[in-house]
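So the structure is just underneath, and the comments pick up after that.
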């Protein structure tokens, strides 16, 4: 094991997972996987997964093609 991390989140009475998420958010990285974030706290892969999870949960069939995750997804495919 390495040295313990000493930062502004070290002494807080919160879980280690939440502490990890706060550190990732501070560094503008995805709070789930640690990849560079596209929005405030998610990478494109996890944005798409969250979008599809919500569509299934809410029972939506229509797609909002102009939503941010769709636009970013189209932009990444063209590169």
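Residue numbers (this note's numbering): 2 to 80.
Beta carbons: idealized from backbone N, C-alpha and C, even for Gly.
Practice task
Look up residue 52 in the DSSP assignment and say whether it is helix, strand or coil.
Solution key: helix
Problem - Range covered by the alpha helix (DSSP H) that runs through residue 25 - result: 17 to 27
Handout entry: As assigned by DSSP and simplified to three states, the class of residue 30
Key = Residue 30: strand per DSSP, three-state reduction.
Handout entry: Burial state of residue 51, where buried means 16 or more other Cβ atoms lie within 10 Å
Key = exposed
Exercise for the section: Could you check the C-alpha separation between residue 42 and residue 23 for me, to the nearest Å? Expected result: If you take the alpha carbons of residue 42 and residue 23, they lie about 10 Å apart.
Exercise for the section: Determine the closest residue to residue 27 out of 58, 15, 9 and 48, with distance taken between C-alpha atoms. Expected result: 9
Problem - Residue environment, residue 44, which counts as buried when at least 16 other CB atoms sit within 10 Å - result: buried
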